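Heads up: the structure comes next, in C-alpha cells.
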Amino acid sequence: MTAFLLVTDLDNTLVGDDEAMSVLNQRLSQHRQEHGTKIVYSTGRSPALYRQLTTEKSLLQPDALVTSVGTEICFNPVEEVFDSNWAQMLSNGWNREEVVATAAHYADLTPQPESEQRPFKVSYFLGEQIATEVLPRLESALKEKGLDVKLVYSGSQDLDILPRQGDKGLAVQFLRQKWGIDAAQTVVCGDSGNDIALFSVGEERGIIVGNAKAELCQWYNSHKTDNHYLAQAHCAGGILEGLHHFGFLGN
Ligand code: GLC
Ligand code: MG
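This is how it looks when you write it as C-alpha cells:
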C-alpha cells in the first residue's frame, strides 16, 4: 500500500457518526505512520469554530487545515499560522468592502455571525425559497462592479462570497503542488455545496457520503465519472466505504 492524500470536509462528512469516525481515525493514523499518508481537514468553519469542534470531538491532528471554505490554509493549526503565499494569491483583485457594500442592498441576506466573516470570505444566511431569485441578481450586481468573486450556496441556507481564486478545490491543488502528490493519489470527501469545488477542480478521486445534501447529489448525477463514488454509508462510514472502493486501504 502506498501513501495518499486524504482531504475531508468536517461537518456531516468526517463528523456525524462518532463510532465510524473513531474506526476511520484509527485506520488513517496507522496509514500515516506506516506509509506517510497525509490528512487534510477542509471546512467551511472559521478557525474559531474549528477550535470549538476540536473540544467536542476527537479529531486527529491534520497535516494541513483548510478553513473558511478554502480561503485559509494552515500547516500549524495549533498556532494558527496562515500560509501567506495562499493569502497573497487570494488578495489579487479582491475588494472585501465593495462586496459587503453591494450585498447590503439585498434585504433577504442576513449576515452570519462576526466569527464567520473572514478576510477572504463574506457570509450570509439566505432562505432556499428566495435563493433562486436572489443569487443571479446578486451575481450580476457584483459582476457589474467589476468584482471577481464566486458565490457558493450550501445546505439550502449558507451563502459564501469568496475571491475567484479561492475555494476548497483550489486549496487542494495548492497543497498537491506543494507536496508533489498526484491527483490519482488524492481523495476528497464531502457532503454539501461548498464541497462541489473539491470534486470539480480536477482528476482527484472523490467520495460523496451517503447523507450528502441535494445540491451535491444533483451535481454528482449530472457530472458522472468513475473518479467519483457515491457511498451508501453516512459520514465517516461513507469515507471508509469509498477508501475501500478506490483501493486506498486495500480492497
Ligand atoms: C460553515 C461556516 C459558514 C459557511 C458554511 C458553508 O458552516 O461556519 O460560515 O457559510 O460553512 O460554507
Ligand atoms: Mg459538510
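Per the working numbering, the very first residue in the sequence shown carries number 38; after that it's consecutive.
In this text, a Cβ means the ideal position worked out from N, Cα and C, and glycines have one as well.
Predicted model only: the values in this text are computed from it and were never measured.
Do you know offhand how far Phe211's Cα is from Asp46's? Cα to Cα, the separation comes out at about 17 Å.
For Ala101, the first and last residue of its enclosing alpha helix (DSSP H): For Ala101, there is no enclosing alpha helix (DSSP H); the enclosing beta strand (DSSP E) has its first and last residue at 101 to 104.
Thr139 (DSSP reduced to helix, strand or coil): Of the three classes helix, strand and coil, the one that applies to Thr139 here is helix, per DSSP.
Go ahead and pull the three-state DSSP assignment for Arg133. Secondary structure of Arg133 (DSSP, three-state): helix.
In three-state terms, what does DSSP make of Leu96? Coil, per DSSP.
Does the Cβ-Cβ distance between Leu51 and Lys75 come in under 8 Å? With respect to the 8 Å criterion, Leu51 and Lys75 are not classified as neighbours on the basis of their beta carbons.
Spell out whether any CB of chain C is found under 8 Å from the CB atom of Ala234. The chain inventory of the structure shown lacks chain C, comprising one protein chain alone.
Pair within 8 Å by beta-carbon distance, Gly284 and Ala268: Not closer than 8 Å, so no.
Are the beta-carbon atoms of Val209 and Val44 separated by less than 8 Å? For Val209 and Val44, yes; Cβs fall inside 8 Å.
Shell residues, 6 Å Cβ cut-off relative to heavy atoms of the ligand MG: Those residues are Asp46, Asp48, Asn49, Thr50, Asp228, Ser229, given in chain order.
What is the DSSP secondary structure of Thr50, reduced to helix, strand or coil? DSSP places Thr50 in coil when its eight states are reduced to three.
Taking 7 Å as the cut-off, is the CB of Asn231 close to at least one heavy atom of the ligand GLC? Yes, since a heavy atom of the ligand GLC falls inside the 7 Å radius drawn around the Cβ of Asn231.
Helix, strand or coil: which one does DSSP assign to Asp195? Reduced to three states, the DSSP call for Asp195 is strand.
Identify every residue that forms a DSSP beta bridge with Gly162. Correcting the residue type first, residue 162 is Phe in the shown sequence and not Gly. Paired residue(s): Thr147, Asp195.
Which listed residue (Pro148, Gln154, Ser152, Tyr143) has its alpha carbon closest to that of Pro173: Looking at the Cα atoms, Tyr143 is the closest of the given residues.
Let me check you understand the geometry: is the CB of Ser237 closer than 7 Å to at least one non-hydrogen atom of the ligand GLC? No, the ligand GLC has no heavy atom inside 7 Å of this Cβ.
Any idea if Gln255 is buried or exposed, counting beta-carbon neighbours within 10 angstroms, 16 or more meaning buried? Looking at its Cβ environment, which holds fewer than 16 other Cβ atoms inside 10 Å, Gln255 is exposed.
Who are Ile76's beta bridge partners in DSSP? Residue pairing by DSSP places Ile76 opposite Leu43 in a beta bridge.
Given a threshold of 16 other Cβ atoms within 10 Å of its Cβ, counted over all protein chains shown, does Glu71 qualify as buried or as exposed? By the Cβ-count criterion, Glu71 is exposed, with fewer than 16 other Cβ atoms from all chains shown falling within 10 Å of its own Cβ.
Rounded to the nearest angstrom, what separates Gln149 and Val77 at their Cα positions? Gln149 and Val77: Cα-Cα distance of roughly 25 Å.
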